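Everything in the sequence shown is counted per the numbering used here, starting at 141 for the first residue and increasing by one. Below is one structure, written out as structure tokens; the observations come after it.
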Amino acid sequence: MAQYDFDYIVIGGGSAGLTAAGIAANAGVKTMMIERDRLGGDCTWTGCVPSKALLHAAHLAHHAREASAFGVDAEVSVRFGDIMRHVHALREEVYEDADDPAIYEGFGIEVVHGDARFINPHTIEITPEASGGDHHKRRVTSRMFVICSGGRAAPPPIKGLDAVDYLTNETLFEITEQPEHLAIVGAGPIGIEMGQAFNRLGTQVTIVDNADRILGRDDPDHADTLRQRLEEEGVRFVFGAKVERVEAADASGVRLHLGGGDTLEADRLLIATGRKPNIETLNLGDAGIEYTKKGITVDDRCRTSQGHIWAAGDCTGEYQLTHMSEHMAKVATTNAILKIPSSIDRAGVPWTTFSDPELAHLGASEEELQERGESYVTYDFPYTKVDRGITEGKTIGSIKVFATEWRGKILGASVLGERAGELMQIFAVAMKAGTSLQTISDTIFAYPTYALGARRAADQWYVQKQFPVAIKALQTVLGYRGTVPPPPDPDRVM
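In structure tokens, the structure reads:
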């Protein structure tokens, strides 16, 4: 066997890279991890952590304003600069706790800061940060590689965009002055979350999208209910509008020229239209790695066209989700290092938009089930019947589950409501375990919790599909003569 400098080289130190490196090191594998910037990647610095910190501050401000409905009066004053300093402090806290290079060096991993490019299938060249010439470059070989180079914002080709000071998720959290009017291009998760956050902090927000709805991957009914909520709070939407041109307006503002001759002016512009993989500088061709503009091509085991090279996370163009990056890294490293067959679980992928109320999704959508011609039944339990929601004034939304009619096998779910992201994990575990709605219905849930709503939704399956059969059997065998009255409220099934 050829001798290599390392057993496993991880290219990228974001969510996928940290997971892959940690698993490998704990398996006794000689590992190197290369990251061009600070460890932690998009999630720690420009994505999950700062966005949720900003959202939390915005939700606190909003809830304080609404507290009078519960007999509590409060005056709200937003100190935007202090909010952003808090966001930055939380990023550093997460970094020091989970992403600091010293942590991984303590596992025996060699952590290198720089850019990596393939020279051949087993050799990479590393250009360290602030390299002053070729003599600073380093070439290393490895038996196996996993590419976890992540992705970045992908602004659309709008005329004049490069001439204005626009924002993306990579720059949004560095601003120190609160805009009076924020224009957002894109009604996906980033646009919706940040739109609501800035609106609740006092910024006028207009969201523009060429589609006719928000959150195109999510349940249309739930998405529409969320849109109505945002509009009630003051967020303005412009649908079916293509941004044709952008130019600087008076002072430091920006002007958007939309199709049809309409214009929109704002202080700042946030582009939230999508992402693209970080693969251009990797020199993948010299390693014989196949890729497209969407990302590196991988099979179900995260293996590339080179048998000893794997890829995971955003660089593959698969789900742009932190938890999927971690999942793919686990799959890749389990196959590469442990030689245990493992495949990507594409059937049970959950995601959450952390708006208020939250909107969570799992598995197949109703549209996908219809396209596949699958037989299913929808069980939809409203938050107006979730007692915990009633006590806290959180009654917007519902728990919608798609399942097979008689076995109650979960095919997909959508939850709009308070703590939807947490509640969805009940269905995610059930789907992974292959259990049915009957198991959830038979499980004791503490009262009053939001999670109890998941059991109530499962109760609908039991009452509608199983209970009538049981009643008929009881009447036949035991001679019961009564009739089952129709429920006065079809949603209150138990």
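Note that the Cβ used here is the ideal one computed from N, Cα and C, for glycine as well. All figures in this text were calculated on a predicted structure; none of them were measured in a lab.
Report the rounded CA-to-CA distance for residue i versus residue j, giving the unit in angstroms.
| i | j | result |
| --- | --- | --- |
| Ile536 | Ala568 | 22 Å |
| Arg178 | Leu158 | 12 Å |
| Asp222 | Thr579 | 47 Å |
| Phe210 | Ile243 | 46 Å |
| Ala389 | Ala207 | 39 Å |
| Val189 | Ala294 | 20 Å |
| Glu215 | His199 | 15 Å |
| Val345 | Arg441 | 42 Å |
| Asp402 | Ala303 | 20 Å |
| Tyr235 | Thr171 | 21 Å |
| Gln565 | Lys572 | 10 Å |
| Thr462 | Val603 | 38 Å |
| Thr575 | Thr474 | 25 Å |
| Asp599 | Ser495 | 27 Å |
| Gly400 | Asp349 | 14 Å |
| Lys470 | Gly393 | 45 Å |
| Pro481 | Ala164 | 16 Å |
| Val227 | Asp454 | 24 Å |
| Asp407 | Pro319 | 6 Å |
So the candidates are the options; which of them puts its Cα closest to the Cα of residue i?
| i | options | result |
| --- | --- | --- |
| Ser289 | Ala256, Gly552, Glu320 | Ala256 |
| Leu422 | Leu179, Thr583, Ile266 | Ile266 |
| Asp527 | Tyr602, Ala586, Thr308 | Ala586 |
| Arg278 | Thr263, Asp364, Asn309 | Thr263 |
| Lys299 | Arg385, Lys525, Val212 | Arg385 |
| His321 | Glu387, Ala293, Leu404, Ser538 | Leu404 |
| Gly428 | Ile411, Gly414, Cys442, Ile449 | Ile449 |
| Ala597 | Leu563, Leu230, His467 | Leu563 |
| Tyr148 | Ala406, Ser495, Thr413, Glu250 | Glu250 |
| Ser515 | Asp582, Trp546, Leu502 | Trp546 |
| Ser465 | Leu194, Phe258, His226, Ile287 | Ile287 |
| Ser155 | Asp407, Leu502, Arg621, Ala451 | Ala451 |
| Arg205 | Glu373, Leu551, Ile566, Gly513 | Glu373 |
| Arg369 | Ile315, Gly342, Ile332 | Ile332 |
| Lys382 | Pro296, Arg595, Phe285 | Pro296 |
| Pro522 | Phe146, Arg595, Thr583, Asn475 | Arg595 |
| Thr316 | Gln615, Ala487, Leu194 | Leu194 |
| Gly557 | Pro588, Ala472, Lys549, Thr524 | Thr524 |
| Ile259 | Arg225, Leu424, Met224, Lys192 | Leu424 |
| Asp439 | Gly533, Leu398, Met468 | Met468 |
| His641 | Arg292, Lys534, Gly291, Gly254 | This structure does not reach residue 641, given that the chain is present from 141 up to 634, and the question cannot be answered. |
| Leu410 | Leu307, Pro268, Ala476, Gln615 | Leu307 |
Taking buried to mean at least 16 other C-beta atoms within 10 Å of its own C-beta, is residue i buried or exposed?
| i | result |
| --- | --- |
| Phe338 | buried |
| Val617 | exposed |
| Ile530 | exposed |
| Asn418 | buried |
| Gln460 | buried |
| Tyr519 | buried |
| Leu478 | exposed |
| Gly491 | In the sequence as presented, Gly is not what sits at residue 491; that position holds Trp. Buried: at least 16 other Cβ atoms inside 10 Å. |
| Glu232 | exposed |
| Ser483 | exposed |
| Pro497 | buried |
| His501 | buried |
| Ala620 | One detail in the question is off: residue 620 reads as Tyr in this sequence, not Ala. So Tyr620 counts as exposed. |
| Asp237 | exposed |
| Gln510 | exposed |
| Ile127 | With the chain running from 141 to 634 in the structure shown, residue 127 is simply not present. |
| Ser505 | buried |
| Ile584 | exposed |
| Arg176 | buried |
Leaving out five residues on either side along the sequence, give the residues of the same chain with a beta carbon under 6 Å from the beta carbon of residue i.
| i | result |
| --- | --- |
| Lys434 | Gly457 |
| Pro329 | Thr493 |
| His202 | Arg340 |
| Phe335 | The displayed chain sequence assigns Gly, not Phe, to residue 335. Cβ within range, chain order: Ile324, Val345, Ile347, Val375. |
| Ser554 | Asp359, His362, His501, Lys540 |
| Glu387 | Gly300, Arg395 |
| Gly342 | Val218 |
| Gly561 | Thr492, Glu498, Ala500 |
Spell out whether any CB of chain D is found under 8 Å from the CB atom of residue i.
| i | result |
| --- | --- |
| Leu404 | No chain D is part of this structure, which consists of one protein chain only. |
For residue i, which residues in the same chain have their Cβ closer than 7 Å to its Cβ, ignoring the five residues on either side in sequence?
| i | result |
| --- | --- |
| Thr437 | Glu430, Tyr431, Thr444, Ser445 |
| Trp185 | Arg178, Arg231 |
| Tyr144 | His262, Thr281, Ser282, Arg283 |
| Pro241 | Leu179, Val251 |
| Gly414 | Ala294 |
Go through its chain and collect everything with a Cβ distance to residue i's Cβ below 8 Å, but skip five positions before and after it.
| i | result |
| --- | --- |
| Arg353 | Ala327, Pro360, Ala363, Asp364, Arg367, Phe379 |
* Note down, one range per segment and in chain order, each beta strand (DSSP E) of at least 3 residues found wholly within the segment 167 to 199. => Entirely contained in the segment 167 to 199, the beta strand (DSSP E) runs reaching 3 residues are, in chain order, 171 to 175.
* **Ranges of the alpha helix (DSSP H) found wholly within the segment 438 to 497, counting only runs of at least 4** => Runs of the alpha helix (DSSP H) inside the segment 438 to 497: 462 to 473.
* **Whole beta strand (DSSP E) elements within the segment 317 to 375, 3-residue minimum** => If we require 3 residues or more, the beta strand (DSSP E) runs fully inside the segment 317 to 375 come out as 321 to 325, 344 to 349.
* What residue ranges within the segment 524 to 602 form continuous beta strand (DSSP E) runs of no fewer than 3 residues, ordered along the chain? -> Counting only runs of 3 or more, we get 538 to 543, 550 to 557.
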